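Q: To start, I am sharing the structure in question, which I have written as structure tokens.
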Amino acid sequence: MATAQVRVHRAVIGEDSAAKYAGPLFVVGAFRSGTSFFFSLLNKHSDVALLYEADLGCFYPEWFARRLKSDWFERIEFWNGCMGRHGVSRPADLSRNPTSEDAALWLYKHYAARKEARIFGEKSPSYADCLEELAKKFPGARFIVLWRDPLSVCESVCRAGETSRFFRKSGMVSRVLAHLEKAGAVVAVKVQAPNAPGGRFTKDKFQIDLEKDTVTCPAGRLVQIRRREDGSGAAMFGIACRSCPMASSCTGAKDGRRVHVHVQERLLLEARMRQRSPEWRANYKATRPKVERKLAHLMRRRHGGRRSRVRGTTRIGQDFMMLCAAANLHRLAQFELRSAAASAAAAS
Ligand code: SF4
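Residue numbers for the sequence shown follow the working numbering, beginning at 1 and rising by one.
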């Protein structure tokens with residue numbers, strides 16, 4: 001059964017010193033680590049008033065405040081509804097264009113004052129990978145970190161995805177893995193090698209420099225990555241490709257080659273680098289459950305493993321049976337080949 005551990009870095013309740021109320025308290029942990037449950041327990045205490053996933057500490061949309069200086073309160077409400085969710089109404093003397101720290105502290109204290117609680121702050125799994133940033137922004141902050149076995153976290157995310165659109169979203173598992181890696185866990189998940197249609201240059205033929213935010217193509221052309229608001233980006237080689245002698249091996253697009261940069265690109269690059277080492281491969285082989293390999297066998301050809309080729313559950317079931325039978329025959333043929341080779345070797 002999965003368990004969660006709680007690391008309380010300093011005693012929070014029951015310590016009689018004025019300094020302990022100076023900064024906010026953050027309850028953090030990767031998604032599906034029990035932060036909501038623990039938050040509910042803490043908030044039962046009369047001295048504790050934590051907000052639920054306001055996310056202003058690290059993800060405050062500064063561009064809202066820059067664009068609409070006097071309207072930041074409404075913009076934040078529009079962004080994630082945290083004012084309405086916590087019953088906070090706009091005060092008459094609202095400050096103009098506050099920093100993220102000021103906005104967050106104002107909200108934390110305003111919410112705590114209503115309950116007459118002395119301990120204010122927030123619980124959010126989104127903070128799990130930005131604890132250092134939070135500690136710098138709020139020097140008096142204290143943290144409660146909930147730690148759950150990474151495998152249980154991933155299993156829980158997959159289970160939650162069956163009923164929740166949020167956990168079904170694309171990139172959810174990579175986000176969870178990023179949280180866990182930042183927390184020091186070594187995630188032994190295989191990252192797929194990049195591919196490109198028609199045997200053209202794959203993404204790993206391009207040098208991606210995340211420090212300078214540039215991509216250099218096999219022909220030596222360097223392009224700046226254009227970032228989107230969610231942190232992902234793209235490097236577009238555009239007209240440079242028209243006169244490139246390597247174009248036929250690289251792209252067929254008339255707008256030139258475009259290299260997409262994932263929001264977790266750094267983790268992907270590190271994981272691909274790490275999984276080339278023999279130690280990693282040996283560990284992966286030794287620790288992966290065998291069923292994962294069998295599922296991978298079923299997915300590796302285009303015959304109905306990943307997507308159904310027919311309509312209706314009966315026909316899809318029959319199609320999948322055929323795929324399983326083919327995979328079994330392939331396996332049996334391999335055994336036969338091996339035993340025939342072993343017999344020939346023994347005879348000679
Ligand atoms: S086709 Fe474009 S991206 Fe590809 S190698 Fe040539 S210049 Fe670089």
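Note that CB positions come from ideal geometry on N, CA and C, so glycine has one too.
Bear in mind that the values here come from a model prediction, so they are computed numbers and not experimental data.
Here's the rule: buried if 16 or more other CB atoms are within 10 angstroms of the residue's CB, otherwise exposed. What is G317?
A: The count along the sequence shown starts at 1 and reaches residue 317 at position 317. Label assigned to G317: exposed.
Q: For R175 and V28, I'd like the C-alpha separation in whole angstroms.
A: Your numbering for residue 175 matches position 175 in the sequence shown. Your numbering for residue 28 matches position 28 in the sequence shown. If I take the Cα positions, the gap works out to 15 Å.
Q: Let me know the secondary structure DSSP gives G256 once reduced to three states.
A: The sequence position of residue 256 within the sequence shown is 256, counting from 1. G256: coil per DSSP, three-state reduction.
Q: Sorted by chain position, which residues of the same chain lie with C-beta nearer than 8 Å to Y111's C-beta, five sequence neighbours on each side aside?
A: Here residue 111 refers to the residue found at position 111 of the sequence shown. Excluding sequence neighbours, Y111 sits near A49, L51, H86, V88, F120.
Q: If you compare alpha carbons, which of G23, A30, E211 is closest to L177?
A: Against the sequence shown, residue 177 aligns to sequence position 177. Per the Cα distances, A30.
Q: Should M246 be listed as close to the ligand SF4, given that the test is whether its C-beta is under 8 Å from any heavy atom?
A: Along the sequence shown, one-based indexing puts residue 246 at 246. Within the cutoff, so yes.
Q: Between the C-alpha atoms of A11 and P218, what's the straight-line distance to the nearest angstrom?
A: Residue 11 sits at position 11 when you count from the first residue of the sequence shown. Residue 218 sits at position 218 when you count from the first residue of the sequence shown. Unreliable positioning characterises A11 in this predicted model, as indicated by a pLDDT of 44, which lies under 50. A coordinate reading is not provided.
Q: Assign E122 to buried or exposed, taking buried as 16 or more other Cβ atoms, counted over all protein chains shown, within 10 Å of its Cβ.
A: Here residue 122 corresponds to residue number 122 of the sequence shown, with the count starting at 1. Classification for E122: buried.
Q: Out of curiosity, what's the CA-to-CA distance linking V310 and P194?
A: Taking the sequence shown and counting its residues from 1, the one referred to as residue 310 is at position 310. Taking the sequence shown and counting its residues from 1, the one referred to as residue 194 is at position 194. Cα to Cα, V310 sits roughly 28 Å from P194.
Q: With 16 other CB atoms within 10 Å as the buried threshold, where does S156 fall?
A: As a working note, residue 156 is residue 156 in the sequence shown. With 16 or more Cβ atoms within 10 Å of its Cβ, S156 is classed as buried.
Q: By the three-class DSSP mapping on this structure, what secondary structure does D230 have?
A: Position 230 of the sequence shown, counted from the start, is the residue given in the question as residue 230. Correct three-state label for D230: coil.
Q: Pop quiz: L146 and S33 are said to be a contact at Cβ under 8 Å. What is the actual Cβ separation, rounded to whole angstroms?
A: Taking the first residue of the sequence shown as position 1, residue 146 is located at position 146. Taking the first residue of the sequence shown as position 1, residue 33 is located at position 33. So it is a contact: roughly 5 Å between Cβ atoms.
Q: If you scan the segment 65-95 from start to end, which runs of the alpha helix (DSSP H) of 4 or more residues do you find wholly inside it?
A: DSSP runs (the alpha helix (DSSP H)) wholly in the segment 65-95: 72-80, 82-85.
Q: For T202 and R221, what's the separation of their Cα atoms in angstroms?
A: Reading the sequence shown from its first residue, position 202 is the one you call residue 202. Reading the sequence shown from its first residue, position 221 is the one you call residue 221. Taking the straight line joining both Cα atoms gives about 16 Å.
Q: When you compare each of C82, G233, M172, K44 to V259 by their alpha carbons, which one comes out closest?
A: For the purposes of this step, residue 259 is identified with residue 259 of the sequence shown, where counting begins at 1. It is G233 whose Cα lies nearest to the Cα of V259.
Q: I need the boundaries of the alpha helix (DSSP H) containing T287, first residue and last residue.
A: As a position in the sequence shown, residue 287 is number 287, starting the count at 1. Counting along the chain, the alpha helix (DSSP H) containing T287 begins and ends at 278-287.
Q: To the nearest angstrom, how far is it from the Cα of A92 to the Cα of A104?
A: As a working mapping, residue 92 is identified with position 92 in the sequence shown. As a working mapping, residue 104 is identified with position 104 in the sequence shown. Approximately 18 Å, taken between the alpha carbons.
Q: Please confirm whether any heavy atom of the ligand SF4 lies closer than 8 Å to the CB of P139.
A: One-based indexing of the sequence shown puts residue 139 at position 139. It does not: the Cβ of P139 is nowhere closer than 8 Å to a heavy atom of the ligand SF4.
Q: What are the start and end residues of the alpha helix (DSSP H) that includes G161?
A: Within the sequence shown, the letter at position 161 stands for residue 161. Its alpha helix (DSSP H) spans residues 150-161.
Q: Name the residue from L94, P98, L107 whose alpha carbon lies nearest to the alpha carbon of M83.
A: What you label residue 83 is simply residue 83 of the sequence shown in a count that begins at 1. Answer by Cα proximity: L107.
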